[in-house]
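First the structure, in the form of structure tokens, and then the observations on it.
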Amino acid sequence: MIYMIPHRECVYHPHRGSWYSGIMDVMEVFVDTQEEMMREAARFFKTRCPKKDEATLIALSGNLGAGKTTYVKGVALSGGITHPVTSPTFVFMKEYRLPEKENTFENLIHIDAYRMEEPQMLHTIVPKDIFADPQNIIFLEWPQRVGNVLPRIACTISIETLSGTRRRIIYDDNQ
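Remember, my numbering sits 71 above the position in the sequence shown when you count from 1.
Put into structure tokens, the structure is as follows:
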């Protein structure tokens with residue numbers, strides 16, 4: 072079962088290393104299974120619209136095994152990607168072409184910064200035009216590893232393990 076609890080608060084951003092100076096909208100969602108996680112990811116994806124001048128960057132935070140890649144799999148499935156979506160931990164980035172039918176984005180980019188030893192590696196590995204293309208939606212795992220070189224983040228999603236397969240997903244819409 073999924074519970075949505077919208078609230079407003081001032082939040083610390085680990086990837087920025089500072090407190091957000093204003094009040095923002097935050098929403099919590101609780102999921103009990105991987106299937107619910109993927110349905111929630113699909114719901115989120117369908118609500119996003121491309122920006123006019125840059126890619127839509129979504130920061131995904133959570134411990135190892137929290138469900139970050141499962142979340143991206145849910146987005147990919149809802150976007151019409153039928154081949155397996157796997158973690159890009161050892162290749163850093165995977166790019167998927169979204170079928171044109173019913174998608175507002177053309178490309179799903181999945182980046183895993185866990186193994187990046189310093190923030191500047193992001194721009195060495197990921198071409199800058201990836202971040203400039205408004206038709207890209209980018210999901211970046213481990214944003215705190217590259218936080219000081221990131222372009223503007225549209226939304227931060229934190230996934231917390233509560234017990235077993237139960238997760239709390241916290242959305243912080245930075246727009």
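Each residue gets a CB set at the ideal place from its N, CA and C atoms; glycine is no exception. Given the structure is predicted, the values throughout are model-derived calculations rather than measurements.
Backbone secondary structure at residue i - three-state DSSP
| i | result |
| --- | --- |
| GLU166 | strand |
| ASN219 | helix |
| VAL97 | strand |
| ARG239 | strand |
| ILE201 | helix |
| ALA287 | This structure cannot settle anything about residue 287, because the visible part of the chain is limited to 72 through 246. |
| THR118 | helix |
| THR195 | helix |
| SER132 | strand |
| VAL156 | coil |
| GLU212 | strand |
| SER234 | strand |
Proximity test, residue i beta-carbon vs the ligand ZN heavy atom, cut-off 6 Å
| i | result |
| --- | --- |
| LYS123 | Only the bare structure without any ligand can be found here, which leaves the ligand ZN out of the picture. |
Nonlocal neighbours in the same chain, by C-beta distance under 7 Å from residue i, ignoring five residues either side
| i | result |
| --- | --- |
| ASN134 | THR232 |
| VAL197 | MET164, ILE182 |
Rounded C-alpha distance that separates residue i from residue j
| i | j | result |
| --- | --- | --- |
| ASP200 | ASP103 | 37 Å |
| ILE180 | PHE116 | 13 Å |
| MET109 | VAL146 | 7 Å |
| TYR185 | GLN215 | 9 Å |
| LYS139 | ASP244 | 17 Å |
| ALA112 | GLU189 | 29 Å |
| CYS120 | GLU177 | 12 Å |
| PHE161 | GLU212 | 13 Å |
| PHE202 | THR153 | 24 Å |
| PRO170 | GLY150 | 7 Å |
| CYS226 | GLU99 | 13 Å |
| PHE129 | SER234 | A quick correction: the sequence has Ile, not Phe, at residue 129. Rounded to whole angstroms, ILE129 to SER234 spans 25 Å at the Cα level. |
Close beta carbons around residue i, own chain, < 6 Å, minus the five adjacent residues each side
| i | result |
| --- | --- |
| ALA137 | ILE230, THR232 |
| SER132 | SER229 |
Close-in-space but distant-in-sequence residues of the same chain around residue i (CB under 8 Å, 5 per side omitted)
| i | result |
| --- | --- |
| VAL220 | PRO190, GLN191, LEU193, HIS194 |
| ASN174 | GLY150, GLY151 |
Hey, is the region 202 to 216 in contact with the region 233 to 241, meaning 3+ C-beta pairs nearer than 8 Å?
-> As far as the Cβ criterion goes, the region 202 to 216 does not touch the region 233 to 241, which means the pair count is below three.
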